[in-house]
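Colleague: Dropping a structure here in structure tokens format, bear with me for questions.
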Amino acid sequence: MPSAKTPVPAAPSSESGAQQPTGGPEGTRPPSPRRTTLRDVAQALGVSVATVSNAYNRPDQLSPDLRERVFEQAAALGYTGPDPLARSLRRGRTQVIGVLYDAPLSYAFADPAASLFLGGVAHALQDAGLSLLLLSGRSEAAPAGDAARSASVDGFISYATAHGSPLLDAALTRNLPTVLVDHAVRPDAASGVPRVAHPVIGIDDADGATQAAEHLLALEHEAIGVLALPLRADGVAGILSLERERRATNTHILARLQGYRAALHGTVAADLPVYEVADNTPEGGQIAAHALLTARPDTTALLCMSDVLAQGALAAATALGLRVPEDLSLTGFDDIPSSAALNLTTVSQPTTQKGEQAGRALLALLAGETPPNVLLPTTLVVRGSTGRRVTRV
Numbered sequence: 019m020p021s022a023k024t025p026v027p028a029a030p031s032s033e034s035g036a037q038q039p040t041g042g043p044e045g046t047r048p049p050s051p052r053r054t055t056l057r058d059v060a061q062a063l064g065v066s067v068a069t070v071s072n073a074y075n076r077p078d079q080l081s082p083d084l085r086e087r088v089f090e091q092a093a094a095l096g097y098t099g100p101d102p103l104a105r106s107l108r109r110g111r112t113q114v115i116g117v118l119y120d121a122p123l124s125y126a127f128a129d130p131a132a133s134l135f136l137g138g139v140a141h142a143l144q145d146a147g148l149s150l151l152l153l154s155g156r157s158e159a160a161p162a163g164d165a166a167r168s169a170s171v172d173g174f175i176s177y178a179t180a181h182g183s184p185l186l187d188a189a190l191t192r193n194l195p196t197v198l199v200d201h202a203v204r205p206d207a208a209s210g211v212p213r214v215a216h217p218v219i220g221i222d223d224a225d226g227a228t229q230a231a232e233h234l235l236a237l238e239h240e241a242i243g244v245l246a247l248p249l250r251a252d253g254v255a256g257i258l259s260l261e262r263e264r265r266a267t268n269t270h271i272l273a274r275l276q277g278y279r280a281a282l283h284g285t286v287a288a289d290l291p292v293y294e295v296a297d298n299t300p301e302g303g304q305i306a307a308h309a310l311l312t313a314r315p316d317t318t319a320l321l322c323m324s325d326v327l328a329q330g331a332l333a334a335a336t337a338l339g340l341r342v343p344e345d346l347s348l349t350g351f352d353d354i355p356s357s358a359a360l361n362l363t364t365v366s367q368p369t370t371q372k373g374e375q376a377g378r379a380l381l382a383l384l385a386g387e388t389p390p391n392v393l394l395p396t397t398l399v400v401r402g403s404t405g406r407r408v409t410r411v
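Residue numbers for the sequence shown follow my numbering, beginning at 19 and rising by one.
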């Protein structure tokens with residue numbers, strides 16, 4: 019055993035001259051090898067660090083030949099390029115925009131209206147070199163607000179999230195540029211559109227719903243029902259109670275219901291049964307329509323708050339032996355691409371344009387500007403799913 023003065027032999031070196039890990043206490047892992055850096059590439063080529071950096075960040079500053087040499091040397095040393103996170107921290111920007119979506123992520127790709135909206139947002143942002151990050155508020159793996167709290171983004175677009183949504187509330191605490199989409203906005207007398215803390219992009223939901231209800235009244239329908247989108251993001255389905263309607267947090271959905279009620283007020287159709295679905299799916303629409311039509315067999319028309327729900331209602335009518343529009347008239351809302359083929363009367367909204375307006379508003383916020391609120395119009399498109407009421411024998 020060596021004495022206290024006996025030198026301890028040095029650890030053996032690797033072929034490259036780097037000291038090999040000596041390990042630690044039993045059960046611990048040795049240190050990871052050092053990551054190749056931009057400086058290593060510069061030294062190997064005999065150029066400055068700035069030259070290598072320009073190859074990645076300012077290619078116009080280098081000749082194509084020199085830039086290719088930099089990339090070849092980087093590949094030989096295993097250098098994969100600047101750390102995106104470190105680069106974003108230096109710039110103060112991530113070049114990513116978070117889209118808040120209070121539904122399962124998979125549904126964003128199944129819902130035609132959501133796909134059209136996201137396409138519009140992407141079209142507005144792509145020329146600015148920005149990317150989209152879709153953040154769901156409906157995950158069983160983590161609390162709803164975690165996605166917004168931890169996202170590395172420059173701003174948020176909140177798409178049809180409910181007031182009081184944990185996802186939206188968490189995003190607002192970040193104090194980042196935020197655009198609200200489909201939060202009920204009503205024009206005021208002075209400017210046409212009221213100003214709020216964050217710019218709002220939406221449609222006149224109440225007016226669109228009123229057009230659909232007035233169309234059915236003009237066709238002499240008296241027993242009318244409603245298939246409603248979720249008024250709260252809690253996954254509850256069934257006949258809507260007045261108490262639940264008072265506690266509604268999806269304000270644009272409530273605006274549609276209020277539009278129906280406004281048109282039917284004082285008419286024989288004022289007693290309006292409303293069946294709320296848990297999710298905007300054809301299956302949900304079929305279940306709701308079957309339940310409502312079974313409970314109210316005298317119903318001659320259904321106001322559906324989306325074309326997707328109307329598709330489900332068409333299936334329910336077929337299952338119950340009802341002809342459309344001879345026995346049952348149907349209206350939708352959105353005018354998604356498949357609705358024309360289904361001959362569906364619906365309220366058309368400019369969904370892609372709504373996405374583009376949201377993207378432009380966020381770009382304006384990032385540039386330090388104050389964009390206005392935007393309220394887009396709706397139009398009733400009459401097709402073959404509605405017809406004049408036929409007196410049943």
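The beta carbon of each residue, even a glycine, is placed where N, CA and C say it ideally should be.
Which residues bound the alpha helix (DSSP H) around D352?
Modeller: From DSSP, D352 is part of no alpha helix (DSSP H) but of the beta strand (DSSP E) over 347 to 352.
Colleague: Following the continuous alpha helix (DSSP H) through E294, name the residue where it begins and the one where it ends.
Modeller: Careful: E294 lies outside any alpha helix (DSSP H), inside the beta strand (DSSP E) at 292 to 294.
Colleague: Taking just the CA atoms, how far does A335 sit from L393?
Modeller: Their Cα atoms are separated by approximately 35 angstroms.
Colleague: Quick check: the stretch 222 to 229 against the stretch 299 to 312, are at least 3 beta-carbon pairs closer than 8 angstroms?
Modeller: The stretch 299 to 312 is not in contact with the stretch 222 to 229.
Colleague: What's the C-alpha gap between D172 and A230?
Modeller: Approximately 39 angstroms, taken between the alpha carbons.
Colleague: Report the three-state DSSP secondary structure of T196 (helix, strand or coil).
Modeller: Residue state, collapsed to three classes: strand.
Colleague: What does A359 pair with, by DSSP beta-bridge criteria?
Modeller: Answer by DSSP bridge pairing: none, since A359 is not bridged.
Colleague: Can you tell me whether P412 is buried or exposed, with buried defined as 16 or more other CB within 10 angstroms of its CB?
Modeller: Not covered by the structure: residue 412. The range shown for the chain is 19 to 411.
Colleague: Is the beta carbon of D316 less than 9 angstroms from the beta carbon of A121?
Modeller: No, they are not a contact pair.
Colleague: Throw me the rounded Cβ distance for the Y293 and A281 pair, which I believe falls under 8 angstroms.
Modeller: Rounded, the Cβ-Cβ distance is 19 angstroms, inconsistent with contact.
Colleague: Who are the near neighbours of N361 in its chain, counting only those whose CB is closer than 8 angstroms to its CB and skipping five residues on each side?
Modeller: Result list for N361: R401, G402, S403, in chain order.
Colleague: Below 8 angstroms on the Cβ atoms is my guess for G339 versus L143; work out the distance and round it to an integer in Å.
Modeller: About 49 angstroms separates the two Cβ atoms, so there is no contact after all.
Colleague: What do you get for Q375, buried or exposed, if any count of 16 or more other CB atoms within 10 angstroms of its CB means buried?
Modeller: Flag for Q375 reads buried.
Colleague: Hey, out of A146, R264, H239, whose CA is closest to V286's CA?
Modeller: The option with the nearest alpha carbon to V286 is H239.
Colleague: Cutting at 6 angstroms between CB atoms, please list the residues of its own chain near A288, excluding the five before and the five after it.
Modeller: The residues are L282.
Colleague: What did DSSP end up calling T397 once you bin it into helix, strand or coil?
Modeller: Residue state, collapsed to three classes: strand.
Colleague: In this structure, how does DSSP classify V67 when only helix, strand and coil are distinguished?
Modeller: Here V67 sits in helix by DSSP.
Colleague: Please list the terminal residues of the continuous alpha helix (DSSP H) segment that includes Y6.
Modeller: Since the displayed the chain opens at 19 and closes at 411, residue 6 lies outside it and no answer follows.
Colleague: Counting pairs of beta carbons, one from the stretch 195 to 202 and one from the stretch 250 to 257, are three or more of them closer than 8 angstroms?
Modeller: No contact exists between the stretch 195 to 202 and the stretch 250 to 257.
Colleague: Would you kindly work out how many angstroms separate the C-alpha atoms of R279 and L148, rounded to a whole number?
Modeller: Those two C-alpha atoms are separated by around 42 angstroms.
Colleague: DSSP on V286, reduced to helix/strand/coil?
Modeller: Coil, per DSSP.
Colleague: Nearest-angstrom Cα distance between G330 and Y97?
Modeller: Cα-Cα distance, rounded: 54 angstroms.
Colleague: Helix, strand or coil: how does DSSP classify V254 here?
Modeller: Three-state DSSP puts V254 in coil, outside helix and strand.
Colleague: So, does the stretch 88 to 95 touch the stretch 123 to 137, judging by three or more C-beta pairs under 8 angstroms?
Modeller: No, the stretch 88 to 95 is not in contact with the stretch 123 to 137.
Colleague: Could you check the C-alpha separation between P39 and R52 for me, to the nearest Å?
Modeller: Interpretation of P39 is limited by its pLDDT of 44, a score under 50 that renders its predicted location unreliable; the figure taken from the coordinates is listed afterwards. If I take the Cα positions, the gap works out to 11 angstroms.
Colleague: Give every residue of the same chain whose Cβ lies closer than 6 angstroms to the Cβ of Q91, excluding the five residues on either side of it in the sequence, and list them in chain order.
Modeller: Hits under 6 angstroms: V59, A62, L63.
Colleague: Excluding the 5 residues preceding and the 5 following R76 in the sequence, name in chain order all residues of the same chain whose CB lies nearer than 6 angstroms to its CB.
Modeller: Counting only Cβ-Cβ distances below 6 angstroms, and skipping sequence neighbours, we find nothing.
Colleague: At what residues does the beta strand (DSSP E) containing A331 begin and finish?
Modeller: Looking at the DSSP string, A331 is not in any beta strand (DSSP E); the run it does join, the alpha helix (DSSP H), is 325 to 337.
Colleague: Please return the same chain residues whose Cβ sits closer than 6 angstroms to the Cβ of R111, not counting the five positions on each side in sequence.
Modeller: D172, listed in sequence order.
Colleague: DSSP three-state call for G220: helix, strand or coil?
Modeller: Looking at G220 - three-state DSSP - the assignment turns out to be strand.
Colleague: Measure how close the beta-carbons of I175 and L381 come, nearest whole angstrom, since I'm counting them as under 8 angstroms.
Modeller: At roughly 11 angstroms, the Cβ-Cβ gap does not stay under 8 angstroms, so I175 and L381 are not in contact.
Colleague: If you reduce the DSSP assignment to three classes, tell me which class V408 lands in.
Modeller: Three-state DSSP puts V408 in coil, outside helix and strand.
Colleague: Mapping the DSSP letters down to three states, classify A188 as helix, strand or coil.
Modeller: The answer is helix: DSSP assigns A188 an H, G or I state.
Colleague: Count the other C-beta atoms from every protein chain shown that fall within 10 angstroms of the C-beta of T396, then say buried if there are 16 or more, exposed otherwise.
Modeller: By the 10 Å Cβ count, T396 comes out buried.
Colleague: Which residue from S357, A313, G116 puts its Cα closest to that of L332?
Modeller: When each option's Cα is compared against that of L332, the closest is S357.
Colleague: Give the C-beta separation of E242 and A319 to the nearest angstrom, bearing in mind that I take them to be a contact with Cβ-Cβ under 8 angstroms.
Modeller: The residue asked about is misnamed: residue 242 is Ile in this sequence, not Glu. Their Cβ separation, rounded to whole angstroms, is 5 angstroms, which keeps I242 and A319 in contact under 8 angstroms.
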